[in-house]
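J.: Dropping the structure in here first, questions after.
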C-alpha cells in the first residue's frame with residue numbers, strides 16, 4: 059500500500075464527496091492491484107459527480123482489465139457524452155480511441 063493512501067482516506071473523512079480525493083484513492087488502489095477497491099471508489103465518484111470527465115477512461119480500462127468488455131464499452135460511451143457536454147475534446151478523443159480499440163481491435 060502506498061504511503062499516500064492513508065492520508066487520502068483521512069482527508070476523505072472530512073470531505074466525503076471530494077471528486078479529486080475519490081479519484082486519487084481509486085487510482086491508488088488500482089496501482090496497488092486492488093481492483094475491487096478501485097472499482098468501489100470509481101463508482102462512488104460516478105455516483106457523486108457524474109460530470110467528472112477523467113473518471114470514465116480509467117473506469118473503462120479497469121473494466122477491460124477485469125474482463126468486462128460490455129461494462130467498459132458502456133462506460134466509454136457514457137464518458138463520451140459527458141466529455142462532449144463539457145467540451146473536453148482531449149478526453150473525448152481518448153474515450154473514442156479506447157472505444158474503437160475495444161469494439162474493433164483489428165483496426
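Residue numbers (the working numbering): 59 to 165. Using N, Cα and C, we set each Cβ at its ideal position, and we do this for glycine too. These numbers were taken from a predicted model, which means no experiment stands behind them.
1. When we look at the beta-carbon of residue 67 and count the other beta-carbons within 10 Å, is it buried (16 or more) or exposed?
2. Among 134, 117, 111, which has the Cα closest to the Cα of residue 87?
3. For residue 149, I'd like the list of residues in its chain whose CB is within less than 6 Å of its CB, leaving aside the five on either flank, ordered along the chain.
4. Return the chain-ordered list of same chain residues with a C-beta closer than 7 Å to the C-beta of residue 95, the five sequence neighbours on each side being excluded.
5. On the three-state DSSP scale, how would you describe residue 140?
6. Quick check for students: name the residue ranges of the alpha helix (DSSP H) that lie wholly in the segment 62 to 100, counting only runs of 4 or more.
7. Report all residues from its chain with a CB closer than 6 Å to the CB of residue 143; omit the five preceding and five following residues, and keep chain order.
8. For residue 136 and residue 123, what's the separation of their Cα atoms in angstroms?
9. Can you give the beta carbon distance from residue 60 to residue 80, rounded, assuming they're within the 8 Å contact cut?
T.: Inspection of the coordinates gives the following:
1. As a first step, residue 67 is located in the chain shown; it is residue number 9 there, counting from the start. Counting Cβ neighbours within 10 Å, residue 67 comes out exposed, since fewer than 16 surround it.
2. Numbered from 1 along the chain shown, position 29 holds the residue referred to as residue 87. It is 117.
3. On the chain shown, residue 149 is found 91 positions in, with the first residue counted as 1. The beta carbon of residue 149 is closer than 6 Å to those of 111, 141 in its chain, skipping five residues each way along the sequence.
4. As a first step, residue 95 is located in the chain shown; it is residue number 37 there, counting from the start. Here the set comprises 87.
5. Walking along the chain shown from the start, residue 140 turns up at place 82. Helix, per DSSP.
6. At a cut-off of 4 residues, the continuous stretches assigned as alpha helix (DSSP H) that sit fully inside the segment 62 to 100 are 62 to 72, 77 to 89.
7. For this step, residue 143 is matched to residue 85 along the chain shown. Taken in chain order, the list of residues that qualify is empty.
8. Along the chain shown, one-based indexing puts residue 136 at 78. Along the chain shown, one-based indexing puts residue 123 at 65. Taking the straight line from one Cα to the other gives about 18 Å.
9. Locating residue 60 in the chain shown gives position 2, counting from the first residue. Locating residue 80 in the chain shown gives position 22, counting from the first residue. Actually they are not in contact, since the Cβ atoms of residue 60 and residue 80 sit about 16 Å apart, beyond 8 Å.
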